[in-house]
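Numbering (this note's numbering), first residue to last: 649 to 1726. Using N, Cα and C, we set each Cβ at its ideal position, and we do this for glycine too.
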Amino acid sequence: MKATRAAKFSIAMLLALLVVSVCALFFIQREERVSLLFAVSADGYDQAAYDHFSQTLAANANVRKLPLADLSQRQLNRYDAIYLDYNLKATPALSGALDKLSRYVEQGGHLFLENDFAADFPPDFLGGSELVPMGSPKELSFEYPDVDLHLQNMQQVFRLFVESFASQNQLTDSQTANGQSNALPGYDWGYGMTPTTAETLVRMNGASVMTANRYGKGSVLWSSALLPTHYYITGFDLASGMDPAKGFAEKQKQASSTYQLAQGGTYFRFKNEAPLEPYFQFAFATANYQLRNAYLDYVSKEKLGYSVTKVHGPYGRPAMAYQNHFEVASAFFHDEGIQWTELLRKYNQIPSFSIVRSSYEWNEWFEDLTVHLNTGSSREPAFIGQLDNSFYGSGVRLASEGRTLTLEKYPVPTQLGDKLDNPYRVYPALADLDGDGRMDLVAGSADGQLYLFRNLGSQPPDYAGERLPEGLTAPDSFGKKELLLTSSGKELQLPAGYSAPAMADLNGDGMMDLAAGDKEGRVWVAYGKQGLRFTEPVPLRAGGMELRVDSYAAPAFGDYDGDGTPDLVVGDGVGRIYGYRGVPGKPGQWEKGLLLLTHSSRYAAPAVRDMNGDGLPDIVTGSQDGDITVYIRSPGGSYAKQGTVNGATSNQVNTKALVGGHNSVPLWADLNHDGKDDLVVGQLEFGLPVPLDDPDFPYPNEVKKFVDYAKANKLELYPHLFFHSYLSDAQEKREIELHRQMFEKLGIPWTAMGTNQHTWRINNADRLQTLRNENEAGLWFNFGFRPPNNPMDPQYGQDYVWSMPFLLEDSTLKQPMVLSSPNMIFRAKGSDYATEDIYHAYAALDMPIIYFDHIEYKLPGQINLLLPYVTFLDQLRNSENYNFMTEPQLARSALTTLKTKVHVKQSYAAWLMDKVKNKLGRGVHLTLTLSADTSEVPDELAGVYKSTPGVAIDPGKPYQGSPLGVDARIYTRQNGVLYTGLGEPVKLTVDWSPAGLHLERSNVPFRWTEVKEGEVRLELLDGGMQQVKLYSPTPLLIAGDNLKIEESEAGQPGQVGHTYTVTHYGEATAVTLKWARD
């Protein structure tokens, strides 16, 4: 009896256990993932490759970095794939692991070998009979044979990159691409192979350079020397990935040999700096990254039969956005930002404006006058250099009538780094002409006039916009511009032009006289008379003859020989400086001239001053270069070049030379009455930007109108920061803070935003300084900068053929920093330097598109310059299902993509049922759940876009011909790939049922509510432009405020129904969808 009860109890327990176990099969999840070992050397590793795998878009990949030598066979076999770090090649650690790696592959593992590993492994392991050194071929020819389905994405990445890059770059010294120089001089193209068992993905010049070899149950993928490359820096830390042995030194050599400094370009050809230094290259960094992503795609298909890849865009469809730097003053006046926005509405697009702190007109140069206030002593002067509002210049701009003192504008529009042929400049002289005890300003100009600006004394409010450092007293202010006149009332003008005055009492009558040089090399003298009048000018004579130099005579008075008699020094247009000794006891008479020195730059403009305290007068000269150079006089009367007059700050070419423009003219005077000589410099200065919040900005009402328009239309404005490549850490922080204050004054929010760089520059000396400072200030993305030392600018530079968002790898950051770069400028097929195919390559790889353009000066008169790319991007968006959005929205989406973890899971019950169904011959079955873990996505940065991750699900060979489907609200198919949003968990199955009502794409987060049968409320949760594309098997009635609705036939293969594109502008909105009733 007891035995029977015990047996019954045991049976009951077994049944209960069985029930629990069966139930557990439905609840316990198995995760489908791809594991990759990044096997490294104990002596270091390629940070770039590890960065790429750490930020891989392979959604269900798990990557670990471990030393190869420490791992047993059993430990290796735990990984689906192994990627050997570049630094393992030809090391004892690798040779000691060869047998283990061979067994690993034989037993089903997948091994990735970069090209340099070819010599470390036996040929049969690679699948070839012999290696073929590729050397440095004169010609390149690529072929792409048909390959296994699972290898096609890797092959596609390689092919599209080569086609994109080669369309804009030369790849050998003998092959030219549109006249471009070789992007890879000195490059060793590594090895090719004669294949036996290997499948060739890429052939170059007849040899296989990228192969996949089936070895046992696994595979060996051997890559070409081109991808991944180590020629450039490609790491997401902006510092790693480069091997100097790959040939970059030859690029440096070529850059140095071809570098020619334009006359006067010492300080302004900052975009072509020499010597060239290693730099991060966006194109190869992106291509390396994409190839590594594609390898994980391959491994996933080999293991799981499908791949899941994260996509940079809301809900699985890639994003595109504009990047519009808004910096021209007249563009505010002409409402060009508003016109651009309204134009884009016609094409269902939206702009993205980054706003400069100080605005100006492009390519304009002005004669002006600055003063470097002396912070040292007269004996040992010291200067600051660049101040808060110096921008392209340095020092303090002198004020006339409360505004910057300017004379002529340079007549030819000229970019900052281009050559200026003529010595436009304010040529200053100081003298008390009106007898009030203050030094008035006499100024010469290219127009040949001689101007008077009366000294008004100290008026500090006139310099409020200069933002003088604390402790510095402002210089004197000057009055309105007046013409100097002769005794007869005529204008005192030099007909040859380019007047260059110097003031002294030349005849001993107690009146200040004037000597003025001109373009033809003459020096004219006009003697002072009562009532601020002068005699008619006559040629000045020296040594019994008319004084004349080569051209552009630049006189200054001073006792250059130290004998107590005033002398005259004159510079000329080729850089020579002559001395004319004063005749003792005979004022205004001069001996024959002597050549004192020849300066290295044109348009020498000298002054005389003891610069080293030895009691001997030295020569200080300005020139076309714009700096001030000191020549020290020896007791014997010769001159030795000492160097430039320097400041505390670095200029834009990383020297301390004080430089604020071209054609500098030095003059020493105490302009702020602190007892120390200040350095006054006449010059030609670029732009003269004025801060938008400065009372002197000419169009404050138009700025307010634009800001109000942006607010009303939900356009986020963000800062367009002005740095040069050598600002100090403190200067950068100060500039960001001033920009923030300007935003605050204009009522523009400064919260969770990004930036881009004016003239693209970030710090060169410290690769991460600028980005760290921006990040610390709350600016967490930058999609418009030129990496340190890169000689090319985005949009036009071939180094930016490809780019893609990534997270800056820097452990000091307080928050994520997302970086990217704009696409190359659009040029249609058939045009020179065509780039249209590059955009199609982006679309083929689901890469986001950022299109930069300056729209200033183009509206409304030059709309033809805008429409080609506007219409092209409209067509590309529609044909490839891109999401058009603003750049900040794209950044939020990219951050979500990069920080989201995707889980692909399946209950054991579903797994078992799928296996049984497959065995029973009822087709192919798959039942998975995809979910997004966004816990690491910062809410304060991504905002509502945290809910918008999406993936591409690409079926491998097991699922070819079996349609994969999801139960999501938003999904679409493109070229055989299923794209779906993961705002909520999604069930993935093989699904033969017809599609129901669903969204195909949405550029903003949405909320879907089924109000009742046949009616859906669709809330679009962000402002600006909202656009959704949806499919319905039956006609729909779509209602909402101010909607633009476009209907078309269903575009997906096999679908019969209706596709609607709904667009709305402004606040977040709601749309009602109803099934139409007959």
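With a 10 Å radius around the Cβ and a threshold of 16 neighbouring Cβ atoms, residue 1594 comes out buried.
In the DSSP assignment, residue 852 forms a beta bridge with 790 and 855. A straight line joining the alpha-carbon of residue 1377 with that of residue 1005 spans about 19 Å. Contact between the segment 952-971 and the segment 701-712 is present: 3 or more CB-CB pairs across the two stretches fall below 8 Å. Residue 1603: member of the beta strand (DSSP E) spanning 1598-1603, first to last residue.
Sixteen is the threshold: since fewer than 16 other Cβ atoms of the shown chains lie within 10 Å of the Cβ of residue 1608, the residue is exposed.
Per DSSP, reduced to three states, the secondary structure at residue 1327 is strand.
When rounded, the separation of the alpha-carbon atoms in residue 1718 and residue 1615 is 23 Å. Under DSSP, the beta-bridge partners assigned to residue 1554 are 678. Minimum Cα-Cα distance from residue 1423 among the listed residues 1034, 1397, 1384 and 842 corresponds to 1384.
With respect to residue 1708, residue 1684 sits close: the two C-beta atoms are nearer than 8 Å.
Going by DSSP, residue 985 is part of the alpha helix (DSSP H) stretching over 984-993.
Taking the CA atoms as reference points, residue 960 sits about 60 Å from residue 1101. Secondary structure of residue 1193 (DSSP, three-state): strand.
Less than 8 Å divides the Cβ of residue 912 from the Cβ of residue 1067.
Judged by DSSP in its simplified three-state form, residue 740 adopts helix. By the Cβ neighbour-count rule, residue 1411 is buried, with 16 or more other Cβ atoms within 10 Å of its own. When rounded, the separation of the alpha-carbon atoms in residue 1723 and residue 1642 is 17 Å. For residue 808, the uninterrupted alpha helix (DSSP H) run begins and ends at 800-814, by DSSP. In the three-state reduction of the DSSP assignment, residue 1466 falls in the strand class, which pools E and B. The three-state reading of DSSP puts residue 1309 in coil, since its state is none of H, G, I, E or B.
Contact between the segment 1485-1495 and the segment 1464-1476 is present: 3 or more CB-CB pairs across the two stretches fall below 8 Å. Residue 1540 sits buried, since 16 or more C-beta atoms from the chains shown fall within 10 Å of its C-beta. Here DSSP, grouped into helix, strand and coil, assigns residue 1342 to coil. Residue 1695 sits in a strand when the DSSP states are folded into three classes. Setting aside the 5 residues that flank it on each side, residue 804 is surrounded in the same chain by 942, 1492 and 1493, each with a C-beta closer than 8 Å to its C-beta; the list follows chain order. In this chain, residue 1123 is not harboured by any alpha helix (DSSP H), its DSSP state being neither H nor E. Cβ contact annotation for residue 683 (same chain, cutoff 6 Å, sequence separation greater than five): 710, 727 and 728, in chain order. DSSP, read as helix, strand or coil, puts residue 1003 in strand. The DSSP assignment places complete beta strand (DSSP E) segments of no fewer than 3 residues inside the segment 1648-1697 at 1654-1660, 1663-1668, 1672-1680, 1684-1687 and 1692-1697, in order along the chain. Annotated three-state conformation of residue 688 is strand, per DSSP. Looking only at 747, 752, 700 and 721, the smallest Cα-Cα distance to residue 733 is reached by 700. Here residue 1147 is near residue 1093, since their CB atoms are less than 8 Å apart.
With 16 or more neighbouring CB atoms inside 10 Å of its own CB, residue 766 falls in the buried class. Counting along the chain, residue 1433 sits inside no beta strand (DSSP E), nor does DSSP assign it H or E at all. Counting only the Cα atoms, residue 1158 lies some 15 Å from residue 1183.
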